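Everything on this sheet refers to the single structure shown next.
2 protein chains.
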Amino acid sequence: MKKSALQKARAAYQPKLPIVLTGAVKAVEGRPTESVADQEAIHALFPNTYGLPELRFEKNATPAQGKPVNVGVILSGGQAPGGHNVISGLFDGIKKIHRDSRLFGFLMGPGGLVDHKYIELTAPIIDEYRNTGGFDIIGSGRTKLEKKEQFDKGLEILRELGINALVIIGGDDSNTNAAVLAEYYKAINAGVQVIGCPKTIDGDLKNDLIETSFGFDTATKVYSEVIGNIQRDCNSAKKYWHFIKLMGRSASHIALECALQTQPNICLISEEIEAKNMSLKDIVKYIADIVTARAADGNNFGTVLVPEGLIEFIPEFKKLIAELNELLGSHKDEVAAMNHEQLTQFILDNLNAENLAALKSLPESVARQLMLDRDPHGNVQVSLIETEKLLSQMVAAELAQSEAFKAAKGKFSSLHHFFGYEGRCADPSNFDADYCYSLGFNAAALINAGVTGYMSSIRNLVKPAVQWIAGGIPITMMMNIERRNAEDKPVIQKALVRLDGAPFQKFASKRDEWARTTSYIYPGPIQYFGPAEVCDQPSMTLKYEHQNK
Amino acid sequence: MKKSALQKARAAYQPKLPIVLTGAVKAVEGRPTESVADQEAIHALFPNTYGLPELRFEKNATPAQGKPVNVGVILSGGQAPGGHNVISGLFDGIKKIHRDSRLFGFLMGPGGLVDHKYIELTAPIIDEYRNTGGFDIIGSGRTKLEKKEQFDKGLEILRELGINALVIIGGDDSNTNAAVLAEYYKAINAGVQVIGCPKTIDGDLKNDLIETSFGFDTATKVYSEVIGNIQRDCNSAKKYWHFIKLMGRSASHIALECALQTQPNICLISEEIEAKNMSLKDIVKYIADIVTARAADGNNFGTVLVPEGLIEFIPEFKKLIAELNELLGSHKDEVAAMNHEQLTQFILDNLNAENLAALKSLPESVARQLMLDRDPHGNVQVSLIETEKLLSQMVAAELAQSEAFKAAKGKFSSLHHFFGYEGRCADPSNFDADYCYSLGFNAAALINAGVTGYMSSIRNLVKPAVQWIAGGIPITMMMNIERRNAEDKPVIQKALVRLDGAPFQKFASKRDEWARTTSYIYPGPIQYFGPAEVCDQPSMTLKYEHQNK
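These protein sequence lines map, in sequence, to chains A and B. In the numbering used here, each residue's number is its place in the first sequence (first place is 1) plus 1. In the numbering used here, each residue's number is its place in the second sequence (first place is 1) plus 1.
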């Protein structure tokens with residue numbers, strides 16, 4: 002690998018750890034836990050790993066000599082900045098327990114465990130990847146670990162390699178699977194612990210004890226850099242409305258964080274749109290009114306942030322998508338045999354009248370995407386729907402009919418952007434570099450403590466890293482029962498944007514001002530070597546959520 | 002303006018100057034100049050400003066006391082990182098000549114001169130914008146200064162404000178207009194000097210004495226940052242081909258520079274495609290063959306850089322576009338009165354058979370864009386043509402027919418990106434911050450030297466800034482006669498990518514290796530505070546072009 006100048010300079014960075022993890026630790030048990038909902042059902046599904054206590058690491062004055070551990074690690078799902086630091090932290094952590102400990106990386110995601118594809122991660126390999134973005138050290142994949150046969154097949158290679166513990170780095174789905182795997186290995190006394198690490202740029206895997214998932218900080222900073230650049234262009238040329246869609250499968254945390262960092266004229270928050278029961282027409286009118294007000298001030302330019310998952314939160318489309326998912330999920334085999342024309346007809350014949358009307362209100366290309374393009378899990382592929390263009394076209398049509406816009410002598414030209422892949426593999430910010438390294442190092446401590454079905458938890462993140470709190474929380478604690486592909490399943494509850502939360506409240510208190518005035522902020526690129534106020538700030542979301550704690 | 006933490010920290014940066022400009026200077030005349038072509042015709046059009054000598058500033062041991070000057074400044078055309086530093090350099094330069102000198106900024110481009118819209122740029126305003134991206138200090142615009150009435154109208158306000166010199170910061174078109182304006186004001190003895198500054202992210206305004214236009218360095222670094230991030234994602238997920246279109250109206254300098262920085266699997270260079278007389282089908286085959294070869298290695302992923310101006314360089318489409326431009330340019334009034342249907346019919350009725358066939362070979366949406374969407378200068382709007390999608394669709398179709406791809410068990414999924422607005426207003430890199438400040442400071446020295454029709458020239462740019470050479474070159478020297486909108490016009494010759502130049506040669510010697518292997522480089526974001534090898538490197542294009550000088 003030929004390294005860039007920045008990579009070479011950055012390799013020397015020593016990530017910061019919570020002070021407790023720099024010495025010997027003991028795990029202190031907190032109160033037993035309950036799942037966030039559906040306690041009985043979750044308990045029944047996880048008889049061996051339900052109700053475990055929270056854990057917190059404290060200094061251990063009389064540590065026992067550690068024994069060598071063999072650990073496996075898996076990167077699961079979409080990339081997020083910092084994955085390599087989780088692995089290097091884990092490596093350093095198990096080496097600290099005993100120098101003969103070994104780390105094995107399963108290749109291209111959970112599939113590597115099932116297919117017995119792996120490499121041993123030795124010091125020279127690890128050193129190549131410290132503080133770098135990407136998941137390319139072992140690759141990632143989206144194979145779901147759900148079935149007993151997969152678990153048994155995986156156990157073969159774990160036994161062959163003498164692996165005592167498996168660390169799964171993933172989002173809500175992957176950690177759900179980690180919990181199921183932990184329960185299974187515990188139930189059969191396999192002697193393999195399973196530990197999860199909270200990864201996702203989407204920021205929707207969080208709760209009181211998991212303050213943020215890793216990657217969110219870096220990805221939103223990269224998006225905010227380019228949004229800021231676009232805003233500066235917008236404010237220089239003063240002739241375009243830029244519609245900027247931002248990745249984030251479901252929740253609007255990314256859009257909200259970017260809005261707080263860059264102060265655009267408009268930012269849509271899916272969770273609010275759902276709560277206010279806004280129709281697509283309402284959203285278009287909301288945007289068109291701001292465009293008109295700005296035109297009246299002579300400002301025929303602006304920026305609109307659009308969360309990727311928007312369409313699923315507009316109630317009329319949410320209902321439509323729910324019926325589509327249910328319809329297709331419950332006719333899997335017939336659907337698989339249909340061509341596009343047959344599938345279209347099947348859908349049109351079976352949708353209820355209200356949902357059919359919603360479908361028909363969309364431009365044909367969007368309707369077609371909703372009906373025909375689905376991901377391997379059977380979900381609508383919202384990322385393929387060009388919501389940003391859909392909105393600007395509908396706004397243009399609305400403005401063409403508007404007397405007020407005509408009276409304002411308004412002009413409306415739009416440009417479109419979608420940012421996602423640009424940020425998922427960026428070199429981690431100092432925050433993510435430190436947080437990820439700590440998560441991995443802490444996972445080693447959880448392994449040493451002998452627990453399973455836990456997620457690595459590093460808290461108190463708005464404080465300097467030395468003051469961070471390290472521990473573990475039972476994954477089952479985050480679970481509830483949800484309907485997925487026409488089945489009830491135990492899953493980790495997604496953390497959506499809370500409309501009563503401080504980040505949204507801050508945004509809501511400012512957005513009317515940002516809409517009318519031009520109050521853009523230009524954050525610029527992530528810096529690694531400058532003053533702390535430039536290089537070492539956590540996300541605004543994290544700051545606002547935890548500022549009073 | 003609420004400033005980001007980086008902006009605040011960056012405000013303190015003191016741009017570096019060539020050592021000669023830090024003291025008093027005298028202008029030393031070099032040899033008289035000739036235009037690059039069409040010498041007689043250019044001489045006839047510029048009787049007062051043709052053939053002037055090159056100028057080079059040297060230390061002046063016996064400087065005269067300078068007199069206050071009033072200077073006007075205009076930002077013209079598309080944004081480029083560093084424009085604010087040209088203005089702050091100019092401000093500091095004229096203040097150094099005399100503390101009572103004043104600077105006026107005309108608003109929203111050349112139109113501000115004609116419409117008498119301006120502000121005085123005072124020290125507090127200048128200080129707000131030092132080392133920042135964007136042109137928002139006074140805005141920019143694309144009004145062309147071409148007509149006598151505009152020049153006369155402009156002269157009114159210049160006289161009213163007592164302005165002795167006008168600095169036009171722009172690309173090739175804007176500097177062409179600067180030369181015409183300089184000639185006119187000289188011819189009528191208006192007493193107003195006109196000085197140009199070489200701006201464009203496209204990198205196509207350069208020659209022996211203008212080594213690079215400003216903004217190219219920063220913009221390509223921003224694009225390379227996000228391309229690198231995408232490549233790391235690509236190499237982690239190993240399942241997509243990313244087609245990445247890069248801004249650059251005509252020349253492929255941006256794509257070439259980004260390729261040198263990031264080492265993608267494929268980068269198309271328009272100039273080579275034209276030189277080799279490649280058809281669209283040839284290009285598609287070239288890409289499909291590499292996709293197939295990688296598939297045979299088990300690598301169903303990769304990256305393709307596509308220069309924005311590609312379509313105009315494919316000979317079959319170049320001919321088509323030339324005929325379209327000529328046809329529509331020579332029937333301006335009739336065309337203006339036509340609706341879309343009539344215009345389409347008019348074009349279909351009048352194109353020659355070969356060009357009609359080329360038009361019909363395109364997907365309908367692309368053909369429609371070629372026919373109907375044109376910029377205010379009457380040119381095809383290549384930036385609207387989604388070449389990246391056109392290519393990936395045609396590659397997919399080619400692969401679907403390919404036995405070799407089938408034999409390799411290849412898979413082909415593509416994702417698309419277009420980067421342009423993301424980089425034009427980025428905070429300038431240290432290089433652009435220094436270069437721009439020097440260009441502006443040097444423009445003040447040219448004003449003090451009493452010359453007109455010159456472009457500010459800072460050379461020796463691969464060396465440390467203290468060793469840079471400062472001077473001026475007559476704009477007419479860069480001109481030739483070209484056909485534009487069905488008229489012969491004197492214009493600055495665009496500097497296209499030279500296939501015998503060192504940057505392309507370097508790329509060409511490596512690309513087969515980069516195509517087959519995965520040799521991505523991940524440059525990461527622009528850094529301002531770190532080690533010199535990270536923060537202070539000029540572009541690879543500049544390095545390779547001048548490494549042996």
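Glycine is no exception: its CB is placed at the ideal position from the N, C-alpha and C atoms. Everything numeric in this text was worked out from a predicted model, so none of it was measured.
- Item | Sufficient close CB pairs (3 or more, under 8 Å) joining the segment 257-276 of chain A to the segment 425-436 of chain A | no
- Task: With 9 Å as the C-beta to C-beta threshold (strictly closer), list the residues of the segment 248-259 of chain B near chain A in chain order.
- Result: none
- Query: Do the segment 10-18 of chain A and the segment 40-59 of chain A make contact, defined as three or more Cβ pairs closer than 8 Å?
  - Reply: no
- Boundaries of the beta strand (DSSP E) in which B:Ala343 is found, first to last residue: According to the sequence shown, residue 343 of chain B is Gln rather than Ala. Element bounds for B:Gln343: not the beta strand (DSSP E) but the alpha helix (DSSP H), His341 to Asn351.
- 8 Å Cβ cutoff, A:Met541 in contact with chain B: no
- Query: Out of curiosity, what's the CA-to-CA distance linking A:Ile322 and A:Leu328?
  - Reply: 10 Å
- Task: Compute the Euclidean distance between the alpha carbons of A:Ser414 and B:His418, then round it to the nearest angstrom.
- Result: 20 Å
- Of all the CB atoms in chain A, is at least one closer than 8 Å to the CB of B:Asp209? no
- Task: Report the three-state DSSP secondary structure of B:Gly197 (helix, strand or coil).
- Result: strand
- Item | Residue interval of the beta strand (DSSP E) (run including A:His1) | Limits of chain A in this structure are 2 at one end and 550 at the other, which puts residue 1 of chain A out of reach.
- Message: Under 8 Å, with one C-beta from each stretch per pair, do the segment 462-470 of chain A and the segment 20-32 of chain B reach the 3-pair mark?
- Response: no
- Message: Can you tell me which residues form a DSSP beta bridge with B:Cys268?
- Response: B:Leu306
- Query: So, does the CB of A:Val492 fall closer than 8 Å to a CB anywhere in chain B?
  - Reply: no
- Message: Just checking: is the beta-carbon of A:Asp174 within a distance shorter than 8 Å of some beta-carbon in chain D?
- Response: In the displayed structure, chain D is absent; the protein chains listed are A and B.
- Using the beta-carbon of each residue, which ones in chain A are nearer than 8 Å to B:Gln538? Ala6
- Task: For chain B, find out if any of its Cβ atoms is closer than 8 Å to the Cβ of A:Gln15; answer yes or no.
- Result: no
- Message: For the segment 227-247 of chain B against the segment 513-525 of chain B, do three or more pairs of beta-carbon atoms, one drawn from each stretch, fall closer than 8 Å, so that the two count as touching?
- Response: yes
- Message: Between which residues of its own chain and B:Thr477 is the CB-CB distance below 7 Å, once the five residues before and five after are set aside?
- Response: Ser36, Ile43, Phe47, Thr50, Tyr51, Ala180 and Gly454
- Item | Extent of the continuous beta strand (DSSP E) run through B:Asn481 | Met480 to Arg485
- Item | Euclidean distance between Cα positions of B:Val285 and B:Leu349 | 26 Å
- Query: What alpha helix (DSSP H) runs, 4 residues minimum, are completely inside the segment 96-180 of chain A?
  - Reply: 112-115, 124-130 and 149-161
- Query: Who are the Cβ neighbours of B:Gly94 in its own chain at under 6 Å, not counting the five residues just before and after it?
  - Reply: Phe442 and Ala445
- Task: Confirm, please, whether the CB-CB distance from A:Arg499 to A:Val492 is below 8 Å.
- Result: no
- Item | Contact residues within the segment 389-406 of chain A, judged by C-beta distance below 8 Å to chain B | none
- Query: Along the segment 414-429 of chain B, what residues have a CB closer than 7 Å to any CB found in chain A?
  - Reply: Leu416, Tyr422, Glu423, Gly424, Arg425, Cys426, Ala427 and Asp428
- Query: Considering only residues of the segment 233-292 of chain A, which uninterrupted beta strand (DSSP E) runs meet the minimum length of 3 residues and lie entirely inside it, listed in chain order?
  - Reply: 242-247
- Do the CB positions of A:Ile448 and A:Val70 come within less than 8 Å of each other? yes
- Below-8 Å beta-carbon distance, B:Val452 vs any chain A residue: no
- Query: From A:Ser141 to A:Ala81, what does the alpha carbon distance come to, in whole angstroms?
  - Reply: 11 Å
- Task: Please compile the residues from chain A whose C-beta is within a distance smaller than 7 Å of the C-beta of B:Pro532.
- Result: Ala10
- Cα separation between B:Leu325 and B:Gly84? 35 Å
- Item | For B:Gly473: DSSP bridge partner residues | B:Leu56 and B:Ser457
- Query: Is there contact here, the segment 97-104 of chain A with the segment 65-79 of chain A, by at least three beta-carbon pairs under 8 Å?
  - Reply: yes
- Message: Applying the 10 Å Cβ sphere with the 16-neighbour rule, what's the burial state of A:Thr304?
- Response: buried
- Message: Does the structure place the segment 527-544 of chain A close enough to the segment 145-152 of chain B that three or more beta carbon pairs sit under 8 Å?
- Response: no
- Message: Looking at the secondary structure, which residues open and close the beta strand (DSSP E) in which A:Glu35 lies?
- Response: A:Glu35 -> no beta strand (DSSP E), and no H or E assigned at all.
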